[in-house]
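Comments concern the structure below.
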Amino acid sequence: MNEIYQHFKHEEKEFIDKASDWVDRVRENYEVISTNFLNPREVEILKSLANGADIKIFSSFDIVRTEMVKIILAPNFYELTLDDFQLSLIEIDFPSKFAKISHPQILGTILGQTGLERNKIGDIIVSDSQAQFFVDSKFTNLLSENISKIGKLGVKLYQVPFDMLITISNNVSNTRQKVLVVSSLRLDKLVASSFNISRKTAADLIDKGLVKLNYSVEERKETILEIGDLVSVRGYGRFTLINKLSLSKKDKNRVEVEITNKK
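The structure is reproduced here in structure tokens:
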């Protein structure tokens with residue numbers, strides 16, 4: 001396992017152990033493993049570990065395009081049916097003409113009122129007038145029976161088909177690309193430049209555990225970012241480092257980022 005660990009970050013060890021066990025159980029015992037919701041980094045790790053294991057990998061992304069997905073690992077003889085993913089899309093009915101609800105309010109209510117773990121809940125999508133989330137199907141009744149309010153708003157939950165998913169186009173107006181000029185690709189410097197805040201503020205956010213790098217909390221301000229890295233900052237939004245450009249006239253790094261500000 002030490003040879004495997006060296007290709008990943010130290011904080012990913014726990015998931016690597018879990019994913020390796022899944023792969024071994026499918027390969028050696030012919031089990032079918034259905035995961036909880038995984039983020040893109042976890043999916044990348046799982047697929048890397050399963051590479052060459054002679055097993056099948058199915059993703060709920062092939063049914064509906066979401067960031068968080070469920071994966072099924074199975075022996076080669078396994079025939080998939082869509083119901084195997086146990087994936088449900090829940091619509092939140094609330095008085096949108098008079099009030100708004102936010103992603104943190106929805107997630108906080110679900111976890112607080114039901115006791116579910118975060119990985120039982122998939123994407124949460126919020127527009128000006130709608131709110132939806134994905135959940136493991138076995139928990140739909142639990143949710144509808146226990147959630148009647150989000151904040152001070154009375155709400156009703158009901159399952160809807162995937163073709164009623166709020167479209168991404170409703171939510172891209174706050175996403176833009178920006179060229180930054182920075183002395184280095186340190187995490188704190190790119191956070192500061194991306195959201196137009198001071199480097200001290202950025203450092204404080206990192207120290208408080210409010211910054212995630214590729215879906216894991218990152219508390220090292222000096223971490224150097226690479227192309228493709230995704231950084232999310234609570235209260236501000238997220239950005240992806242998408243390109244390294246030529247140096248500036250003063251030999252500083254010019255990089256391109258895609259920024260999604262929190263609404």
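Numbering (UniProt numbering), first residue to last: 1 to 263. Just so it is clear, CB atoms sit at the ideal spot from N, CA and C, and this is done for glycine as well.
Inter-residue CB distance, Leu225 and Leu190 (contact presumed, cutoff 8 angstroms):
Contact flag correct, Cβ pair sits at about 6 angstroms.
Given Ser193 as reference, the closest of Val233, Asp251, Asn174 once Cα atoms are compared
Nearest option by C-alpha distance: Val233.
Kindly indicate the opening and closing residues of the beta strand (DSSP E) around Ala74.
Unbroken beta strand (DSSP E) run through Ala74: 69 to 74.
Are the CB atoms of Asn141 and Asn261 within a distance shorter than 8 angstroms?
No; because the gap between Cβ atoms is not below 8 angstroms, this pair is not in contact.
The alpha helix (DSSP H) with Leu205 in it runs from where to where?
Element bounds for Leu205: 199 to 207.
Buried or exposed for Tyr236, going by 16 or more other Cβ atoms inside 10 Å?
Flag for Tyr236 reads buried.
Does DSSP classify Asp21 as helix, strand or coil?
Asp21: helix per DSSP, three-state reduction.
Using only the alpha-carbon positions, how far apart do Asn171 and Phe37 sit?
Any reading at Asn171 is ruled out, since the residue's pLDDT is 48, under 50, leaving its predicted position unreliable.
Using only CA atoms, which one of Val257, Asp251, Leu205, Lys249 lies nearest to Ile242?
Ile242 has its Cα closest to that of Val257, out of Val257, Asp251, Leu205, Lys249.
Proximity winner among Thr223, Tyr215, Ser216, relative to Ala203 (alpha-carbon distances)
The shortest C-alpha separation from Ala203 is found at Thr223.
Grouping DSSP H, G and I as helix and E and B as strand, with all else coil, what is Glu14?
If DSSP states are grouped into helix, strand and coil, Glu14 belongs with the helices.
Alpha helix (DSSP H) segment containing Ser144, residue limits
Counting along the chain, the alpha helix (DSSP H) containing Ser144 begins and ends at 140 to 146.
Close beta carbons around Asp229, own chain, < 8 angstroms, minus the five adjacent residues each side:
Excluding sequence neighbours, Asp229 sits near Leu213, Asn214, Thr240, Leu241.
As an exercise, report each continuous beta strand (DSSP E) stretch of at least 3 residues that is fully enclosed by the region 95 to 170, in chain order.
Fully enclosed beta strand (DSSP E) runs of no fewer than 3 residues occupy 121 to 126, 131 to 136, 156 to 160 of the region 95 to 170, in order along the chain.
With a threshold of 16 other CB atoms inside 10 Å of the CB of Arg176, please say whether the residue is buried or exposed.
Exposed: under 16 other Cβ atoms inside 10 Å.
Contact set for Arg199: own chain, Cβ-Cβ below 8 angstroms, skip 5 residues either direction:
Taken in chain order, the residues that qualify are Asp188, Lys189, Ala192.
Using CA atoms only, rank isn't needed, just tell me which of Asn76, Thr66, His103, Gly151 is closest to Val32.
Among Asn76, Thr66, His103, Gly151, the Cα nearest to that of Val32 is on Asn76.
Just to confirm before moving on: does the CB-CB distance between Gln159 and Ser88 stay below 8 angstroms?
Against a cut-off of 8 angstroms, the Cβ pair of Ser88 and Gln159 comes out as a contact.
Look up Glu91 in the DSSP assignment and give the residues it is bridged to.
Beta bridge pairing from DSSP links Glu91 with Gln132, Tyr158.
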